[in-house]
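K.L.:
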Ligand SMILES: Cc1cc2nc3c(=O)[nH]c(=O)nc-3n(C[C@H](O)[C@H](O)[C@H](O)COP(=O)(O)OP(=O)(O)OC[C@H]3O[C@@H](n4cnc5c(N)ncnc54)[C@H](O)[C@@H]3O)c2cc1C
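Residue numbers (this note's numbering): 10 to 477.
#1: For residue 272, which residues from the same chain have a beta carbon less than 8 Å from its beta carbon, with the 5 sequence-adjacent residues on both sides left out?
#2: In the structure shown, what three-state DSSP assignment does residue 447 receive?
#3: Just checking residue 318 against ligand 1 - is the residue's beta carbon closer than 7 Å to any of the ligand's heavy atoms?
#4: Please report the Cβ distance between residue 165 and residue 257, rounded to the nearest whole angstrom; I am assuming they are in contact, meaning their Cβ atoms lie under 8 Å.
#5: May I ask you to report which of helix, strand or coil DSSP gives residue 34?
#6: Anyone know if the C-beta pair for residue 94 and residue 73 falls short of 8 Å?
#7: Thinking just about the alpha-carbon of each residue, which of 291, 111, 361 and 245 is nearest to the one in residue 319?
#8: Might you give, ordered along the chain, the residues of its own chain that have their beta carbon closer than 7 Å to the beta carbon of residue 313, omitting 5 neighbours on each side?
#9: Can the beta-carbon of residue 175 be found closer than 8 Å to that of residue 151?
#10: Taking C-alpha atoms, which residue in 388, 406 and 309 lies nearest to residue 291?
#11: Assuming residue 223 contacts residue 85 under a Cβ cut-off of 8 Å, what Cβ separation, rounded to an integer in Å, is found between them?
#12: Does DSSP classify residue 282 as helix, strand or coil?
#13: Tell me whether residue 76 counts as near ligand 1, meaning its Cβ is closer than 7 Å to at least one heavy atom of that ligand.
#14: Skipping 5 residues on each side, what residues in its chain have a beta carbon closer than 6 Å to that of residue 322?
#15: Just checking residue 120 against ligand 1 - is the residue's beta carbon closer than 7 Å to any of the ligand's heavy atoms?
#16: Taking 7 Å as the cut-off, is the beta-carbon of residue 148 closer than that to any non-hydrogen atom of ligand 1?
#17: Let me check you understand the geometry: is the CB of residue 25 closer than 7 Å to at least one non-hydrogen atom of ligand 1?
#18: Secondary structure at residue 21, three-state DSSP: helix, strand or coil?
#19: Measuring only the C-alpha atoms, how far is residue 266 from residue 296?
#20: Quick check on DSSP: helix, strand or coil for residue 108?
#21: So is the beta-carbon of residue 209 under 7 Å away from any non-hydrogen atom of ligand 2?
#22: Taking C-alpha atoms, which residue in 190, 91 and 169 lies nearest to residue 124?
#23: If the criterion is Cβ atoms closer than 8 Å, does the pair residue 485 and residue 24 meet it?
#24: Would you call the stretch 139 to 159 in contact with the stretch 210 to 223, where contact means no fewer than 3 C-beta pairs closer than 8 Å?
#25: Would you say residue 351 touches ligand 1, meaning its beta carbon is less than 7 Å from a heavy atom?
#26: Would you check if the distance between the CB atom of residue 351 and the CB atom of residue 411 is smaller than 8 Å?
#27: Where DSSP assigns a beta bridge to residue 400, which residues make up the other side?
#28: Can you name, in chain order, every residue of its own chain whose Cβ lies under 7 Å from the Cβ of residue 299, other than the five neighbours on each side?
#29: By Cβ distance, which residues of its chain are closer than 6 Å to residue 16, with the 5 residues on each side in sequence left out?
#30: Quick one: give me the first and last residue of the alpha helix (DSSP H) that residue 295 is part of.
#31: Should residue 343 be counted as a contact of ligand 1 given a C-beta to heavy atom distance under 7 Å?
#32: Mind pulling the alpha helix (DSSP H) runs of 4 or more residues that sit fully within the stretch 310 to 390?
#33: With distance defined between alpha-carbon atoms, name the residue in 162, 88, 62 and 30 nearest to residue 44.
#34: In the DSSP output, what is residue 213 paired with across the bridge?
#35: In terms of alpha-carbon separation, which member of 262, 400 and 463 lies closest to residue 479?
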């Protein structure tokens, strides 16, 4: 093994190889600190050629590779297992913006660019790169592509997959596939780009991408509405889409329990309403005309929703600071949950029309089996994506409740299946849901996935133990 590490040192330079437990620590534990893996070394190549050379070396020595970007993934995909035989391949040094083409509306980036860095580069070119999520200051575009990340603007712009036109990939054999095409039409056979997107590093290593840019909106407006039920939130969605069309870019649901949790753990944050209501929706409008035009649309939605008794109250942010304050409430829910203690999380997708029924039925099933369990339900309602999290009843130790995780998952995931949903909407499968997914995908689908894996990575060295 020292032979392998010596060759890595020659390729990358000694300072880009970490091999002591202390040096590697930040790369081996997942973001939620649930699991710490072991690795032979953490390798940090500087460019695509070095990535390819390392992959060839790993093939030669049959060393498994765990690609890693910002390590903000939530399904244990970016950390190694306990064997200590794998290397973590950190892509963070591949952090250059290679080109911006304002006429083609594209930006070509390296995989280790932070998402926030790409957003700023687009802004400097008077363009918008619309992917946005709470981890944008730490996650990388390679990780976003590999998990097909969603975020808060999917309603208008789609998931990361929809934002990508071309890829550069180092294959499991250590070859470089240059698919950095900035084409909106390209029907020339199997779509390899779409195979690598969402593959969570199990088929190859993404080193670069061509991404779509959009015109910057002339105005952005944020509002929060209060209502009685998730069904009312769905009625508001239909109304807002009818009034605003594509200008409606975000539609986030949060329950009163979420708001209580946030204000308890972050007391400086204010409740937007003097009274408590069971549910709230955060709406974001991005208008291509003007602030006045956006405000008129929003007012029409709110007036109509009040008249139809869909909502009980609403606030519209009057400044960027107020808009940020509303979004901060939404973004602090996961942090408040972490501060509250362990809970059982689900990242699920459902047909939007079924969401209210799903919540009513599944809440009831969970209360019947785990009396007093507390629901922390929020998410990207406009995309049919809920973070449906279950916290222990008051007085029950978190570890005792977590021991029932499989039973809780069974109730939630079987209910998702009943409504023809998905048990992973935007976070992926990683190691966390690899076995669980077998219960919900047909043998035909699993076999096809395994056949793809065998064809592209016959020695099972690319992020083994994840996804399939
Ligand atoms: C506070 C917080 C909020 C979040 N909000 C959202 C949200 O709204 N929507 C959402 O979708 N996700 C969200 N996430 C999850 C996470 O941020 C995303 O999954 C993100 O896309 C991961 O990027 P990363 O660079 O951190 O990837 P990592 O965590 O490093 O890796 C994720 C997976 O991709 C693989 N990978 C990484 N880079 C490459 C590469 N270059 N080539 C091949 N494989 C690679 C890894 O092996 C791993 O399987 C959130 C996370 C946090 C902590």
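Backbone N, C-alpha and C fix where the C-beta goes; we use that ideal spot for every residue, glycine too.
The structure presented is a predicted model; accordingly, all values stated were derived computationally and were not measured.
P.N.:
Concretely, from the data shown:
#1: 278, 279 and 280
#2: helix
#3: no
#4: 7 Å
#5: helix
#6: yes
#7: 245
#8: The answer, listed in chain order, is 248.
#9: no
#10: 388
#11: The Cβ separation is near 33 Å, so there is no contact.
#12: coil
#13: yes
#14: Hits under 6 Å: 235 and 282.
#15: yes
#16: yes
#17: no
#18: helix
#19: 32 Å
#20: strand
#21: Ligand 2 is absent from the structure shown, which contains only ligand 1.
#22: Looking only at 190, 91 and 169, the smallest Cα-Cα distance to residue 124 is reached by 169.
#23: Summary: the structure shown does not reach residue 485, with the chain confined to residues 10 through 477, and so no result is reported for it.
#24: yes
#25: no
#26: yes
#27: 383
#28: 227 and 228
#29: 66
#30: Per DSSP, residue 295 lies in no alpha helix (DSSP H); the unbroken beta strand (DSSP E) holding it starts and ends at 288 to 296.
#31: yes
#32: 329 to 340, 342 to 349 and 364 to 378
#33: 88
#34: 180
#35: The structure shown does not extend to residue 479, since the chain is modelled only from 10 to 477, so the question has no answer here.
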